[in-house]
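Remarks on the structure that follows.
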Amino acid sequence: MQTTNTVLMIRPAHFAFNPDTAINNRFQRAPLDPVAAQHKALEEFDGYVDTLREHGVEVLVVQDTPAPHTPDSIFPNNWWSSHADGSLVLYPMEGQNRRLERNKGVLQVLEQRFAIKHTIDFSHLEQQNMFLEGTGSMVLDRQHRISYACHSGRTHRDALRQFAERLDYQVCAFHAVDRHHAPIYHSNVMMSVGRDLSVVCLDALPEAHERQGLERSLRDTGKDILALDFDQLEAFAGNMLEVHDRDGQPLLVMSASAWRSLKPAQRQHVERHTHPVVVNIDNIERIGGGSARCMLAEVHLPARASFQ
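What follows is the structure, given as structure tokens:
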């Protein structure tokens, strides 16, 4: 299935501005009061979890540890992904402190609850300065096995090729830039793909043939496209994730800033396909440079018998 009812989230122990990633994440802003930033992040995180659960989504919460300090652990979808065949994939991360997230207990939680048949580890590519930051770098159409990815310092062509060959995906790669012509650091801040709806900032693709190729691929796989502008991109409207509730009904999770940025006709467009689930994470967005989708690691693994 394209969507899942189960997500994993990391409750932050010391959420903070990350200078390691701010080099090429133009969404990040340093806080005036770091202590208040952590307090507010906890409020937003707990509210997010409660909202998802109220909408019938199963949320596994893992508490981060203070040491080693990993300021971006709240965004777990970048260093691992899971797949319905029982595969768990580990990814090469550009940020040095982001690599430490792999050793903070998440894998043990997954191993206890789910049947992991294969672990595919690409993290060794870090030694070659080749990076592919999970479902940040790639937006996966799991139904049609297409990996949508914009080229950046965090998404290397050869790493992308290795993922596609190992997991039997096709690649639709392109260049994407913000309004200042700077490369967009992660594909999932400019597009999302659900069962029937794709939200995408086509304006971010400066090359006409790549823009047409992306649009054609989405339409050929039956996606109804909701096009965003740069103002909406900057409000994280591209950083949405479709999941489903316990009855299989589609939900589109997004931040309050993303929802506010949509025009009435665009909101109606969303509501034709899904039920919007809106969460307030203004503080996390501003400091971390990531939004609602980045905070959700989708679990597609089969459950162990004792948890079924």
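The opening residue of the sequence shown carries number 1 in the working numbering; numbering runs sequentially from there. Idealized CB from N, CA, C, for every residue including glycine. Predicted model, so just to flag it, every value in this text is computed and none were measured.
Where does ASN25 fall in DSSP's three states?
Because the pLDDT at ASN25 is just 47, under 50, the model does not fix this residue reliably, and the value given afterwards should be weighed accordingly. Looking at ASN25 - three-state DSSP - the assignment turns out to be coil, as it is neither helix nor strand.
I need the DSSP call for TYR169, collapsed to helix, strand or coil.
The answer is coil: DSSP assigns TYR169 none of H, G, I, E or B.
Quick one: Cα of LEU32 to Cα of TRP80, how far?
Any reading at LEU32 must be qualified, since the residue scores a pLDDT of 46, below 50, and its modelled position is unreliable; no value is offered.
Can you give the Cα-Cα distance for LEU132 and ASP85, rounded to whole angstroms?
C-alpha separation (whole angstroms): 21 Å.
Note down the Cα distance separating VAL200 from MET191, rounded to an integer number of angstroms.
Cα to Cα, VAL200 sits roughly 4 Å from MET191.
Output the distance between the C-alpha atoms of HIS209 and VAL106, rounded to the nearest integer angstrom.
If you take the alpha carbons of HIS209 and VAL106, they lie about 41 Å apart.
Ignoring anything shorter than 3 residues or poking outside the stretch 46-125, list the beta strand (DSSP E) runs there in chain order.
Counting only runs of 3 or more, we get 58-63, 80-82, 87-90 and 118-121.
What does the alpha-carbon distance come out to for the pair GLY289 and GLU234?
One C-alpha to the other measures close to 10 Å.
Please specify which runs of the alpha helix (DSSP H), each continuous and at least 4 residues long, are wholly inside the stretch 240-269, giving them in chain order.
Correct list: 256-261.
Locate the alpha helix (DSSP H) running through SER198, then write down its first and last residues.
From DSSP, SER198 is part of no alpha helix (DSSP H) but of the beta strand (DSSP E) over 197-200.
Whole angstroms are fine: how far does the CA of ALA305 sit from the CA of ALA176?
Looking at the two C-alpha atoms, the distance is approximately 43 Å.
Look at the Cβ atom of VAL253, then the Cβ atom of GLU271, and state whether they are nearer than 9 Å.
No, the pair does not count as a contact, with Cβ atoms beyond the cut-off.
Determine the direct distance from the alpha carbon of PRO183 to that of LEU205, and round the result to whole angstroms.
Rounded to the nearest angstrom, the two C-alpha atoms are 10 Å apart.
Report the residue from ILE225, SER87, LEU296 and ASN280 whose alpha carbon sits nearest the alpha carbon of PRO76.
Residue LEU296 is the option with its Cα nearest to PRO76.
Is it buried or exposed for VAL109, if we count other Cβ within 10 angstroms and need 16 for buried?
Exposed, because fewer than 16 other Cβ atoms sit within 10 Å of the Cβ of VAL109.
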